[in-house]
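Here is the structure we will look at, set down as structure tokens.
Protein chains: 2
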Amino acid sequence: MSSSAAYKGLTDRYRRVALLGEAAAVLHWDWAAMMPDGGAARRTEQLAELELLIHEIMTDPALEGDLDEAATADLGAWERVNLAEMRRRWTHANAVPAKLVTALAKSAAQCEMVWREAREDNNFDAFADAFAPVLALVREKAAALGAVLGCSPYEGLIDQYDPGAREHEIDALFAELQTFLPEHLEQVLARQSNQPALPTQVLALSEERQAILAQSIMAGVGFEFSHGRLDTSHHPFCGGVSDDVRITTRYDAADLSTGLMGGLHETGHALYERGLPAVWRGQPVGDACGMAVHESQSLLFEMQACRGRAFFRHLAPKIRSALDVAHSVSAYSAEALHRRAIQVAPGLIRVDADEVTYPFHIFLRYEMEKALIAGNLAIADLPDAWRDGMQKHLGLVPETHRDGVLQDIHWPVGSIGYFPSYTIGAVMAAQLFAAIREVEPDLSSQLEAGDFSSILAWLRANIHGLGSRYSRADLTRQATGRPLSADAFKSHLKRRYLD
Amino acid sequence: MSSSAAYKGLTDRYRRVALLGEAAAVLHWDWAAMMPDGGAARRTEQLAELELLIHEIMTDPALEGDLDEAATADLGAWERVNLAEMRRRWTHANAVPAKLVTALAKSAAQCEMVWREAREDNNFDAFADAFAPVLALVREKAAALGAVLGCSPYEGLIDQYDPGAREHEIDALFAELQTFLPEHLEQVLARQSNQPALPTQVLALSEERQAILAQSIMAGVGFEFSHGRLDTSHHPFCGGVSDDVRITTRYDAADLSTGLMGGLHETGHALYERGLPAVWRGQPVGDACGMAVHESQSLLFEMQACRGRAFFRHLAPKIRSALDVAHSVSAYSAEALHRRAIQVAPGLIRVDADEVTYPFHIFLRYEMEKALIAGNLAIADLPDAWRDGMQKHLGLVPETHRDGVLQDIHWPVGSIGYFPSYTIGAVMAAQLFAAIREVEPDLSSQLEAGDFSSILAWLRANIHGLGSRYSRADLTRQATGRPLSADAFKSHLKRRYLD
Numbered sequence: 101m102s103s104s105a106a107y108k109g110l111t112d113r114y115r116r117v118a119l120l121g122e123a124a125a126v127l128h129w130d131w132a133a134m135m136p137d138g139g140a141a142r143r144t145e146q147l148a149e150l151e152l153l154i155h156e157i158m159t160d161p162a163l164e165g166d167l168d169e170a171a172t173a174d175l176g177a178w179e180r181v182n183l184a185e186m187r188r189r190w191t192h193a194n195a196v197p198a199k200l201v202t203a204l205a206k207s208a209a210q211c212e213m214v215w216r217e218a219r220e221d222n223n224f225d226a227f228a229d230a231f232a233p234v235l236a237l238v239r240e241k242a243a244a245l246g247a248v249l250g251c252s253p254y255e256g257l258i259d260q261y262d263p264g265a266r267e268h269e270i271d272a273l274f275a276e277l278q279t280f281l282p283e284h285l286e287q288v289l290a291r292q293s294n295q296p297a298l299p300t301q302v303l304a305l306s307e308e309r310q311a312i313l314a315q316s317i318m319a320g321v322g323f324e325f326s327h328g329r330l331d332t333s334h335h336p337f338c339g340g341v342s343d344d345v346r347i348t349t350r351y352d353a354a355d356l357s358t359g360l361m362g363g364l365h366e367t368g369h370a371l372y373e374r375g376l377p378a379v380w381r382g383q384p385v386g387d388a389c390g391m392a393v394h395e396s397q398s399l400l401f402e403m404q405a406c407r408g409r410a411f412f413r414h415l416a417p418k419i420r421s422a423l424d425v426a427h428s429v430s431a432y433s434a435e436a437l438h439r440r441a442i443q444v445a446p447g448l449i450r451v452d453a454d455e456v457t458y459p460f461h462i463f464l465r466y467e468m469e470k471a472l473i474a475g476n477l478a479i480a481d482l483p484d485a486w487r488d489g490m491q492k493h494l495g496l497v498p499e500t501h502r503d504g505v506l507q508d509i510h511w512p513v514g515s516i517g518y519f520p521s522y523t524i525g526a527v528m529a530a531q532l533f534a535a536i537r538e539v540e541p542d543l544s545s546q547l548e549a550g551d552f553s554s555i556l557a558w559l560r561a562n563i564h565g566l567g568s569r570y571s572r573a574d575l576t577r578q579a580t581g582r583p584l585s586a587d588a589f590k591s592h593l594k595r596r597y598l599d
Numbered sequence: 101m102s103s104s105a106a107y108k109g110l111t112d113r114y115r116r117v118a119l120l121g122e123a124a125a126v127l128h129w130d131w132a133a134m135m136p137d138g139g140a141a142r143r144t145e146q147l148a149e150l151e152l153l154i155h156e157i158m159t160d161p162a163l164e165g166d167l168d169e170a171a172t173a174d175l176g177a178w179e180r181v182n183l184a185e186m187r188r189r190w191t192h193a194n195a196v197p198a199k200l201v202t203a204l205a206k207s208a209a210q211c212e213m214v215w216r217e218a219r220e221d222n223n224f225d226a227f228a229d230a231f232a233p234v235l236a237l238v239r240e241k242a243a244a245l246g247a248v249l250g251c252s253p254y255e256g257l258i259d260q261y262d263p264g265a266r267e268h269e270i271d272a273l274f275a276e277l278q279t280f281l282p283e284h285l286e287q288v289l290a291r292q293s294n295q296p297a298l299p300t301q302v303l304a305l306s307e308e309r310q311a312i313l314a315q316s317i318m319a320g321v322g323f324e325f326s327h328g329r330l331d332t333s334h335h336p337f338c339g340g341v342s343d344d345v346r347i348t349t350r351y352d353a354a355d356l357s358t359g360l361m362g363g364l365h366e367t368g369h370a371l372y373e374r375g376l377p378a379v380w381r382g383q384p385v386g387d388a389c390g391m392a393v394h395e396s397q398s399l400l401f402e403m404q405a406c407r408g409r410a411f412f413r414h415l416a417p418k419i420r421s422a423l424d425v426a427h428s429v430s431a432y433s434a435e436a437l438h439r440r441a442i443q444v445a446p447g448l449i450r451v452d453a454d455e456v457t458y459p460f461h462i463f464l465r466y467e468m469e470k471a472l473i474a475g476n477l478a479i480a481d482l483p484d485a486w487r488d489g490m491q492k493h494l495g496l497v498p499e500t501h502r503d504g505v506l507q508d509i510h511w512p513v514g515s516i517g518y519f520p521s522y523t524i525g526a527v528m529a530a531q532l533f534a535a536i537r538e539v540e541p542d543l544s545s546q547l548e549a550g551d552f553s554s555i556l557a558w559l560r561a562n563i564h565g566l567g568s569r570y571s572r573a574d575l576t577r578q579a580t581g582r583p584l585s586a587d588a589f590k591s592h593l594k595r596r597y598l599d
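Put into structure tokens, the structure is as follows:
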């Protein structure tokens with residue numbers, strides 16, 4: 101076979117893998133948003149079968165020879181990166197035996213079902229039993245990944261979500277944030293406690309009408325409902341595929357910002373997926389550049405663009421109109437709504453956290469994940485470790501497992517190594533948004549007018565349209581002119597909360 | 101390999117095929133009930149990929165040897181039928197080249213999208229262009245199937261939906277019905293025109309509240325909402341998988357029976373799927389015994405059990421309560437509601453047809469399908485042939501393509517050969533229900549009490565739990581003591597409409 105035929109053959113294989121992965125993505129969305137409980141057992145088997153098929157394609161012995169052969173082909177720049185990304189995925193897939201893949205998929209699906217009930221019932225022991233095989237298999241996988249990638253087992257796991265990320269980078273970034281944030285948080289809380297009390301909001305809006313409001317605002321930001329849906333799920337997420345993005349959010353009848361900001365967060369994810377280079381659809385280089393970059397996109401919309409004062413001037417009349425209240429009611433002025441949306445308060449639940457305290461939730465999980473994978477933390481000791489960690493980071497102790505170690509879906513489904521991406525994403529979002537602000541000096545007036553076209557155009561050119569063409573580090577450097585650092589994030593937090 | 105190892109290997113393969121088919125079934129449901137239009141192109145590729153994978157497994161050259169080898173194994177009765185059914189499917193799959201499978205899947209998906217708009221716009225020419233490749237590929241497939249099965253090309257297509265069905269059986273059954281029905285229809289219409297006018301129904305109910313009513317009635321009949329969903333789609337259907345049955349219906353604000361009876365029809369399908377032998381799940385012998393039997397189950401519930409006077413006595417108070425009308429309002433008495441539900445009127449639309457005129461719609465499609473596959477009817481001539489056929493069978497001529505040849509989804513998606521199953525199913529439903537009545541003399545009082553337990557127990561024992569253990573012909577003979585005939589159906593129509 102010629103080297104270009106080898107490359108062509110590889111693109112066919114990876115296209116099949118992509119299509120099977122997309123089928124699985126729709127089944128996952130359905131599981132979370134639509135499926136009755138009785139469907140779980142069989143759905144687990146369906147997903148395990150798809151995963152196994154992908155694994156079979158990826159571990160076909162012929163693949164290594166094709167990758168070697170294609171390396172000598174005359175390829176363009178995108179194709180060369182595509183080939184490199186193919187090899188990276190091949191390395192990941194071949195590090196892990198098929199049996200382990202299947203066993204992990206099944207035990208994770210079972211553990212997810214147990215976890216849902218266990219969280220409801222505050223039953224740590226039930227969870228612990230179901231989590232034991234998941235953790236054992238993830239640790240096995242971590243060891244295998246670390247060995248082939250030449251990194252630590254935990255880094256092997258992170259690499260699945262944020263390619264190339266290593267502990268020393270994360271440690272340094274988190275250390276800098278841990279130097280800055282505690283004092284910053286104190287100052288913010290002191291300042292907020294000196295402000296006049298927020299006027300009470302008394303109006304509620306039905307879930308249906310909140311969904312209509314959220315859809316209209318999402319559409320204004322750029323979400324295409326001909327290529328996606330907004331539904332409800334307990335854990336908001338962005339799923340589906342690039343041409344049919346499935347967003348979920350959840351609503352609080354008394355607090356419209358829960359559903360709205362959740363929807364705008366997921367809209368950031370969705371716009372990234374929609375903006376990926378269509379010509380590379382189904383090829384590794386056409387995929388999103390990992391989950392940290394993905395989180396940067398959701399947080400750029402939710403936290404940077406949409407939680408600012410300017411956008412709330414755009415939002416306030418729409419909220420008042422949905423609630424049918426007069427312009428003059430102070431609780432629903434742009435200023436009051438904005439102040440409420442940037443209230444900072446240490447709390448027990450990560451997904452409810454504001455952007456100042458959120459990183460502390462990540463620090464805790466990062467420390468605990470590392471210890472779990474290293475074998476320095478037993479499942480039975482998780483509740484105590486959680487309480488100690490929450491006490492250390494936020495000065496709070498959960499009274500229930502539900503508000504503690506059972507709150508997140510990530511560990512039950514075996515997604516260990518994902519959490520750092522949230523805070524790396526927050527930091528990257530601030531740096532990207534600062535770069536946009538540099539080239540768009542009147543960004544605030546654009547946001548006040550609800551005009552996201554400049555932001556979207558910049559992101560299309562500098563992030564979305566580049567897929568996995570560059571590493572996260574290079575992408576950041578090219579887009580912003582400097583390597584990723586906490587500077588923009590710190591400046592943002594100071595400006596928003598202390599100015 | 102030993103013969104029992106060969107059999108074991110086959111069960112593994114067919115299990116994989118089943119799981120991939122189930123994944124596709126959920127994606128199909130999503131397409132019809134959830135997917136935004138922009139997702140269609142990529143979904144088409146995902147479904148084509150799954151179909152291709154199934155085809156690859158089914159056409160693996162090793163399979164034939166395994167089938168031969170396993171035939172010498174020491175197998176139980178169910179296993180022997182399972183093996184025979186494996187061979188039947190293998191024969192179907194290997195008759196058709198992979199290229200044809202993929203091309204048909206894609207052109208059918210494209211044609212479906214075009215058809216949706218073409219029907220809306222009453223644009224036959226747009227449909228005709230998209231249908232041309234579908235028909236060409238289906239004819240190619242029919243020729244291939246007919247050759248290996250030793251039957252006519254059209255029979256090769258029918259065999260996919262109603263295994264073993266042949267034209268002479270259908271011709272004979274339809275001929276008998278065509279002798280009986282025209283005169284019967286005349287008598288029914290004459291009788292109905294002599295009855296006092298039905299009291300006008302003036303109340304409407306929102307779609308949401310109709311759905312709640314439908315769900316409560318479906319649950320009473322036996323639908324388990326922990327193993328299924330009820331949603332809305334333009335074309336009601338029963339999809340999903342046995343443990344997670346996805347039913348859709350559609351609602352008419354002014355006529356509750358549309359949504360209710362649609363839901364009860366699909367409930368019959370769902371109960372069949374749920375009652376298939378769990379121990380054989382994923383094996384060919386554990387699947388439903390073809391689509392004619394499937395239709396017998398939906399029609400047994402919708403037409404035999406639920407459209408009778410007895411069940412309307414159970415239903416009427418629930419409808420009045422949902423509408424909040426008094427017991428005394430004559431338009432909503434059990435008698436009036438029942439009379440309305442069994443009104444007979446020749447019409448243009450198959451899915452709106454009553455059970456007396458429905459077979460005429462099938463006769464028309466059966467004749468036209470045969471001609472299309474035989475090459476005796478060109479696509480350009482479809483509208484004229486439709487008008488002529490409707491004139492001949494029901495004395496009506498559609499003024500639009502929308503009410504004529506563009507009304508059904510079957511041909512656009514390449515499902516030619518399916519239509520006879522509807523009427524075979526109606527005939528079988530009557531025969532099964534008559535058999536249940538023989539062993540349950542107080543069936544009417546059970547239905548009046550909304551008690552379906554005896555019906556369900558009988559069906560579980562005689563139909564559902566037997567999967568594909570017996571052919572449709574044997575299943576009918578064993579369950580009812582006689583071969584399938586039109587007798588019970590004719591008696592039913594006389595009793596319901598002329599007594």
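Residue numbers (my numbering), protein chains in the order written: chain A, 101 to 599; chain B, 101 to 599. We put the CB at the ideal spot given by N, CA and C, even for glycine.
If you follow the beta strand (DSSP E) that B/V345 is part of, which residue opens it and which one closes it? Within the second sequence, numbered from 1, the residue matching residue 345 of chain B stands at position 245. Start and end: D344 to T349.
Run the CB neighbour count on B/N294, radius 10 Å, all protein chains shown included, and call it buried at 16 or more, exposed below. For the purposes of this step, residue 294 of chain B is taken as the residue at position 194 of the second sequence. A residue is called buried once 16 or more other Cβ atoms fall within 10 Å of its Cβ, and B/N294, having fewer, is exposed.
Can you give the beta carbon distance from A/L249 to A/T159, rounded, assuming they're within the 8 Å contact cut? Numbered from 1 along the first sequence, position 149 holds the residue referred to as residue 249 of chain A. Numbered from 1 along the first sequence, position 59 holds the residue referred to as residue 159 of chain A. Wrong, their Cβ atoms sit about 17 Å apart, outside the cutoff.
Where the alpha helix (DSSP H) containing B/L575 begins and where it ends: By 1-based counting over the second sequence, the position of residue 575 of chain B is 475. Start and end: R572 to T580.
For the region 523-543 of chain A against the region 388-401 of chain A, do three or more pairs of beta-carbon atoms, one drawn from each stretch, fall closer than 8 Å, so that the two count as touching? Cβ pair count under 8 Å is three or more, so yes.
Ordered list of alpha helix (DSSP H) runs contained in the region 175-229 of chain B, each at least 4 residues: Runs found: 177-195 and 198-221.
Which term fits A/I258, buried or exposed, when burial requires 16 or more other beta carbons within 10 angstroms of its beta carbon? As a working mapping, residue 258 of chain A is identified with position 158 in the first sequence. Its Cβ being crowded by 16 or more others within 10 Å, A/I258 is buried.
Where does B/T332 fall in DSSP's three states? If you number the second sequence from 1, residue 332 of chain B lands on position 232. DSSP places B/T332 in strand when its eight states are reduced to three.
Output, in chain order, the set of chain B residues within a Cβ distance shorter than 7 Å of A/E149. For the purposes of this step, residue 149 of chain A is taken as residue 49 along the first sequence, with counting starting at 1. Those are R116, L119 and L120, listed as they occur along chain B.
Please return the same chain residues whose Cβ sits closer than 7 Å to the Cβ of A/H369, not counting the five positions on each side in sequence. Sequence index remark: in the first sequence, residue 369 of chain A carries index 269 (1-based). Here the set comprises C338, H394, Q397 and S398.
Buried versus exposed, by CB contacts within 10 Å (16 or more), A/N182: Position 82 of the first sequence, counted from the first residue, corresponds to residue 182 of chain A. With a 10 Å radius around the Cβ and a threshold of 16 neighbouring Cβ atoms, A/N182 comes out buried.
One or two residues paired with B/V341 in a DSSP bridge: By one-based count along the second sequence, residue 341 of chain B stands at place 241. B/V341 pairs with B/D344.
Tell me the DSSP bridge mates of A/D355? To locate residue 355 of chain A, count along the first sequence from 1; it is residue 255. In the DSSP secondary-structure assignment, A/D355 is bridged to A/D352.
What is the DSSP secondary structure of B/G567, counted as helix, strand or coil? As a working note, residue 567 of chain B is residue 467 in the second sequence. B/G567 falls in the coil class under three-state DSSP.
Which residues of chain B have a Cβ atom closer than 9 Å to the Cβ of A/D587, listed in chain order? Here residue 587 of chain A refers to the residue found at position 487 when the first sequence is read from its first residue. Neighbours of A/D587 on chain B: none; closest Cβ ~39 Å, over 9 Å.
Return the residue from the list B/V425, B/S553, B/K590 and B/R115 that minimises the CA-CA distance to B/I157. Taking the second sequence and counting its residues from 1, one reaches residue 157 of chain B at position 57. Taking only the C-alpha atoms, the option nearest B/I157 is B/R115.
Buried versus exposed, by CB contacts within 10 Å (16 or more), B/H155: Residue numbering aside, residue 155 of chain B sits at position 55 when the second sequence is read from its first letter. Looking at its Cβ environment, which holds 16 or more other Cβ atoms inside 10 Å, B/H155 is buried.
Contact with chain A by B/H327, beta-carbon distance below 8 Å: Position 227 of the second sequence, counted from the start, is the residue given in the question as residue 327 of chain B. For B/H327, the answer is yes, since a Cβ of chain A falls inside 8 Å of its Cβ.
Close Cβ partners of A/L127 (< 7 Å) along its chain, the five nearest in sequence each way excluded: In the first sequence, residue 127 of chain A corresponds to position 27, counting from 1. Excluding positions up to five away in sequence, the list reads R143, Q146 and L147.
In terms of alpha-carbon separation, which member of A/D551, A/L575 and A/E548 lies closest to A/A561? Stepping through the first sequence from its first residue, residue 561 of chain A is reached at position 461. The residue with the shortest Cα to Cα distance from A/A561 is A/L575.
A/H394 lies in the alpha helix (DSSP H); which residues open and close that run? Within the first sequence, numbered from 1, the residue matching residue 394 of chain A stands at position 294. For A/H394, the enclosing alpha helix (DSSP H) starts and ends at G390 to L399.
With DSSP collapsed to three states, give me the class of A/E455. To locate residue 455 of chain A, count along the first sequence from 1; it is residue 355. It is coil, neither helix nor strand.
Do you know offhand how far A/G328's Cα is from B/D271's? The residue given as residue 328 of chain A occupies position 228 in the first sequence. The residue given as residue 271 of chain B occupies position 171 in the second sequence. Straight-line spacing of the CA atoms in A/G328 and B/D271 works out to 47 Å.
Between B/S104, B/Y372, B/L289 and B/Q301, which has its C-alpha nearest B/H564's C-alpha? In the second sequence, counting from the first residue as 1, residue 564 of chain B sits at position 464. Nearest Cα to B/H564 within the set B/S104, B/Y372, B/L289 and B/Q301: B/Y372.
Would a check of beta-carbon distances place A/M135 closer than 8 Å to chain D? In the structure shown, chain D does not exist; the protein chains are A and B.
Rounded to whole angstroms, what is the Cα-Cα separation between B/Q491 and B/F460? Position 391 of the second sequence, counted from the first residue, corresponds to residue 491 of chain B. Position 360 of the second sequence, counted from the first residue, corresponds to residue 460 of chain B. Roughly 11 Å between the two C-alpha positions.
Would you mind working out which of A/R266, A/L566 and A/G504 sits nearest A/Y518, comparing C-alpha positions? Residue mapping note: residue 518 of chain A aligns to position 418 of the first sequence, counting from 1. Cα-wise, what sits closest to A/Y518 is A/R266.
Let me see if you follow: with CB-CB separation under 8 Å, is B/R142 close to chain A or not? Position 42 of the second sequence, counted from the start, is the residue given in the question as residue 142 of chain B. At least one chain A Cβ lies under 8 Å of B/R142.
Less than 6 Å between C-beta atoms, sequence neighbours within five positions excluded: which residues of the same chain meet that for B/E307? Locating residue 307 of chain B in the second sequence gives position 207, counting from the first residue. These residues qualify, in order along the chain: Y351.
Grouping DSSP H, G and I as helix and E and B as strand, with all else coil, what is B/M528? Along the second sequence, one-based indexing puts residue 528 of chain B at 428. Reduced to three states, the DSSP call for B/M528 is helix.
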